[in-house]
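Visitor: The sequence shown runs 1 to 101 under UniProt numbering. Ideal Cβ placement from N, Cα and C applies to all residues, glycine included. Because the structure is a prediction, the values reported are computed rather than measured. This is the structure I have questions about; it appears just below.
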Amino acid sequence: MELLEIIKSLSNETRLNILEWLKDPFAHFPEEELSQDTPELGVCVSDIAKKAGMSVPTVSDYLKTMSAANILIATRKGQWTYYKRNEKSIQDLATYIKNKL
């Protein structure tokens, strides 16, 4: 676990919000925008950008940063990229903070 990378990737309110939204996509995104594959794939970049009220390129950069820190998992399906939380990495971070900090 690269603690500094994870902390840097979360040092932005929108990125923190995205992590929270992806914890329960069905509570944070309109059902008609989600597919039955959402639990497996995650949420499409354009849907996250719409929720954030930001451009797709900006949100895409945020998601790539979070994915590089290993707190999100990206899945490509056709022309679309979907993101979901990497629960193991998030749990490892929580354990590290609890035990070491």
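(1) According to DSSP, simplified to helix, strand and coil, what is I7?
(2) Expressed to the nearest angstrom, what Euclidean distance is found between the alpha-carbon atoms of S35 and H28?
(3) What's the C-alpha gap between G78 and L101?
(4) Hey, is the region 9-24 in contact with the region 72-88, meaning 3+ C-beta pairs nearer than 8 angstroms?
(5) So, does the region 84-93 touch the region 45-52, judging by three or more C-beta pairs under 8 angstroms?
(6) Output the boundary residues of the alpha helix (DSSP H) element that contains A49.
(7) Is it buried or exposed, Y62, if we count other Cβ atoms within 10 angstroms and call 16 or more buried?
(8) Excluding five sequence neighbours on each side, which residues of the same chain lie with their C-beta closer than 8 angstroms to the C-beta of N17?
(9) Using 9 angstroms as the threshold, is the C-beta distance between L19 and Y82 below it?
(10) Quick one: residues in its chain with C-beta nearer than 6 angstroms to the C-beta of T14, no 5 flanking neighbours on either side, listed in chain order?
(11) Which term fits residue 104, buried or exposed, when burial requires 16 or more other beta carbons within 10 angstroms of its beta carbon?
Guide: Looking at the coordinates:
(1) Here residue 7 refers to the residue found at position 7 when the sequence shown is read from its first residue. Note: I7 maps to helix in three-state DSSP.
(2) Here residue 35 is taken as the residue at index 35 of the sequence shown, counted from 1. Here residue 28 is taken as the residue at index 28 of the sequence shown, counted from 1. Whole-angstrom Cα-Cα distance: 14 angstroms.
(3) Here residue 78 refers to the residue found at position 78 of the sequence shown. Here residue 101 refers to the residue found at position 101 of the sequence shown. In this model, G78 and L101 are separated by some 42 angstroms (Cα to Cα).
(4) yes
(5) Touching, no, given that fewer than three Cβ pairs across the two stretches are closer than 8 angstroms.
(6) Against the sequence shown, residue 49 aligns to sequence position 49. Element bounds for A49: 45-52.
(7) As a first step, residue 62 is located in the sequence shown; it is residue number 62 there, counting from the start. So Y62 counts as buried.
(8) As a position in the sequence shown, residue 17 is number 17, starting the count at 1. A52.
(9) Taking the first residue of the sequence shown as 1, we reach residue 19 at position 19. Taking the first residue of the sequence shown as 1, we reach residue 82 at position 82. For L19 and Y82, no; Cβs fall outside 9 angstroms.
(10) Reading the sequence shown from its first residue, position 14 is the one you call residue 14. Cβ neighbours of T14 beyond the five flanking positions: A52.
(11) Any answer about residue 104 is impossible in this case: the structure gives the chain only from 1 up to 101.
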